[in-house]
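Residue numbers (this note's numbering), protein chains in the order written: chain A, 4 to 250; chain B, -14 to 291.
All C-beta atoms in this analysis are idealised placements derived from N, C-alpha and C, irrespective of residue type, glycine included.
None of these values were measured; they are calculated from a predicted model.
Written out below as structure tokens is the structure these notes cover.
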């Protein structure tokens, strides 16, 4: 469904992505793991059109979307849940969700379809419904993360890009959010590209994974395989150390 | 003895009537400042720029109405919307030609560009319409109405009514329409706004168009009272800026209240102290606010919510 071919992205003179190639199949959950500054966020922003690729090609359902602006990308059905949630803090929960459907309002789509999707977001995250009139900035981190995901879902995406949804959240909340991602895939057939520092949780959820290091993909494979990989264990799961210590 | 008492009493009622009179006229000029101030704050929240050309749109409103009335011989009800439409177009062109092409849009560069734009617009107006001061006829006669010993003109009522209407429309737009909410979203978080598909450039353009419409309307409704000329934008623009600063650069009621406070204080000061100090009062208030409460008079409540 999504294919990146030899993507090179630059921030000014910094070569942030070096010949990155990856692909996602329809309905797959794929995770990107790697240390801080490895280029995970840059990959998402390159797909979203925020920092367009300097070379290479992004194909979405076989159509090139490499140089499209962020709003066109959303129209194509790719929504990003940005790092740090980035909800519109002084706006109400409901307004935040409505803005997620901004392009659908602009294209004069039937309001009832948009309302139906909002109801669906509320069944996924009942807590958002309780707080629909509350200002987004006054909610807890977990609730804001739910809102950020809900807002992205309001665009009715086929592909959801998530940037560190577990950041700063309690393990229980992370579980709840990951369960929703699974449910979205099962019930709506949404494809998910998940960027995570929490490699353990991400590899449990995902079908496949890519490991990124300083702008290059150094490993890829099914999640079980990556979980067992000695290199991944040492660098991202922190297993080896513990075992040595235990011994 | 009796005479003295009588005089004393008379002076007291005189003073009360005078104060009422000054308050009335202060409120109506304050309403004008509020409208201009809202224009400042809309652009500021959308872009972080203080648009020093805002006053020129006030001037354009008055001068264009005059042009449509006198040169094209349109009736007033047609001249006003035409003037607003042309001002809106000017606002749009200003954003497209002066703001957007900027290579390095640092705040300082942008502010300098708006100052240059204001000088350019003012110069063009002078070349087109000359340096004379003109009057627009009042909307509905100039028969004074007396209220509790003070007299007001029908135009004062027009000013207050139109300002209230514009504020209501403004509020409705920003809080109850998807485009208005999108504009607010843009001002709070540009990156996230882009990611939900809001075209940030278009929202910036909108903000310029909306504030030029507000500015020109202010210029039109005030012109029958204060006359208009190619250079009225400088002072009115600065006063509107003052109102926006008092209101903490928020586009809501705070700026409206800021404008009204400014208008009333100015009018009382001019009446009771000396009319020579009229403009000085506005700028003393501006300086005091910037020294003591740079977040605006009501800044506290706002900053907690953000």
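Per-residue DSSP class, three states only, for residue i
i, result
"residue 12 (chain A)", "strand"
"residue 182 (chain A)", "helix"
"residue 264 (chain B)", "helix"
"residue 174 (chain B)", "coil"
"residue 133 (chain B)", "coil"
"residue 232 (chain A)", "coil"
"residue 113 (chain A)", "coil"
"residue 213 (chain B)", "strand"
"residue 48 (chain A)", "helix"
"residue 67 (chain A)", "strand"
"residue 53 (chain A)", "coil"
"residue 60 (chain A)", "strand"
"residue 293 (chain B)", "For residue 293 (chain B) there is no data in the structure shown, the boundaries of chain B being -14 and 291."
"residue 138 (chain B)", "coil"
"residue 131 (chain A)", "helix"
"residue 172 (chain A)", "coil"
"residue 26 (chain B)", "helix"
"residue 20 (chain B)", "helix"
"residue 78 (chain B)", "helix"
"residue 5 (chain A)", "strand"
"residue 73 (chain A)", "helix"
"residue 101 (chain A)", "helix"
Closest by C-alpha distance to residue i, when choosing among the options
i, options, result
"residue 22 (chain A)", "A:54, A:39, A:60", "A:60"
"residue 218 (chain A)", "A:211, A:20, A:150", "A:20"
"residue 200 (chain A)", "A:157, A:43, A:147", "A:43"
"residue 246 (chain B)", "B:104, B:22, B:3", "B:22"
"residue 30 (chain A)", "A:196, A:239, A:228, A:230", "A:196"
"residue 87 (chain B)", "B:98, B:137, B:238", "B:98"
"residue 153 (chain B)", "B:187, B:192, B:199", "B:199"
"residue 116 (chain B)", "B:108, B:122, B:244", "B:108"
"residue 234 (chain A)", "A:189, A:144, A:36", "A:36"
"residue 19 (chain B)", "B:224, B:273, B:35, B:261", "B:224"
"residue 112 (chain B)", "B:48, B:263, B:191", "B:48"
"residue 165 (chain A)", "A:149, A:231, A:134", "A:149"
"residue 80 (chain B)", "B:122, B:53, B:34", "B:34"
"residue 124 (chain B)", "B:208, B:70, B:69, B:44", "B:208"
"residue 76 (chain B)", "B:96, B:106, B:263", "B:106"
"residue 87 (chain A)", "A:113, A:167, A:228", "A:167"
"residue 237 (chain B)", "B:103, B:141, B:157", "B:157"
Own chain partners of residue i with C-beta closer than 6 Å, once the 5 adjacent residues on each side are dropped
i, result
"residue 234 (chain B)", "26, 29"
"residue 203 (chain A)", "240"
"residue 73 (chain B)", "194, 197, 198"
"residue 62 (chain A)", "6"
"residue 185 (chain A)", "none"
"residue 213 (chain A)", "25, 35, 220, 223"
"residue 187 (chain A)", "193"
7 Å CB neighbourhood of residue i in its chain, flanking five on each side removed
i, result
"residue 212 (chain B)", "118, 119, 120"
"residue 100 (chain A)", "121, 124, 153, 154, 157"
"residue 172 (chain B)", "30, 31"
"residue 188 (chain B)", "31, 167, 168, 171"
"residue 12 (chain A)", "19, 20, 45, 49, 54, 56, 57"
"residue 209 (chain A)", "32, 33, 34, 197, 226"
"residue 64 (chain A)", "4"
"residue 276 (chain B)", "none"
Same chain, Cβ closer than 8 Å to residue i, five either side skipped, listed in chain order
i, result
"residue 129 (chain B)", "136, 137, 138"
"residue 41 (chain A)", "215, 216, 217, 218"
"residue 28 (chain A)", "4, 194"
"residue 281 (chain B)", "230, 231, 232, 233, 234, 235, 239, 243, 274, 287"
Residues bridged to residue i (per DSSP)
i, result
"residue 222 (chain A)", "A:214"
"residue 166 (chain A)", "A:198"
"residue 83 (chain A)", "A:164"
"residue 17 (chain A)", "A:14"
"residue 241 (chain B)", "None; residue 241 (chain B) has no bridge partner."
"residue 281 (chain B)", "According to DSSP, which records beta bridges pairwise, residue 281 (chain B) is partnered with nothing at all."
"residue 36 (chain A)", "A:199, A:214"
"residue 23 (chain A)", "A:10"
"residue 95 (chain A)", "A:138"
"residue 119 (chain B)", "B:213"
Any C-beta of chain E under 9 Å from that of residue i
i, result
"residue 276 (chain B)", "Checking the listed chains, one finds no chain E in this structure; the protein chains it contains are A and B."
query: For the stretch 140 to 169 of chain B, which residues have a CB atom closer than 7 Å to at least one CB atom of chain A, in sequence order?
result: 163, 166, 167, 169
field: Short-range partners of chain A found in the stretch 19 to 41 of chain B, where Cβ spacing is below 9 Å
entry: none
- prompt: Between the stretch 166 to 191 of chain B and chain A, which residues of the former have CB atoms less than 7 Å from a CB of the latter, in chain order?
  reply: 166, 167, 169, 170, 173, 174, 176, 177, 179, 180, 181, 182, 183, 184
task: Using a Cβ-Cβ cut-off of less than 9 Å, list which residues of the stretch 94 to 106 of chain A approach chain B; keep chain order.
output: 94, 98, 99, 101, 102, 103, 104, 105, 106
task: Determine which residues of the stretch 74 to 94 of chain A have a Cβ less than 9 Å from any Cβ of chain B, and write them out in chain order.
output: 74, 75, 76, 77, 78, 82, 83, 84, 85, 88, 89, 90, 91, 92, 93, 94
query: According to a CB-to-CB cut-off of less than 8 Å, which residues of the stretch 41 to 66 of chain A neighbour chain B?
result: 51, 53
Members of the stretch 128 to 158 of chain A near chain B, C-beta cut-off 9 Å: 138, 140, 141, 151, 154, 155, 157, 158
Within 7 Å of chain B by C-beta, residues of the stretch 106 to 122 of chain A in sequence order: 106, 108
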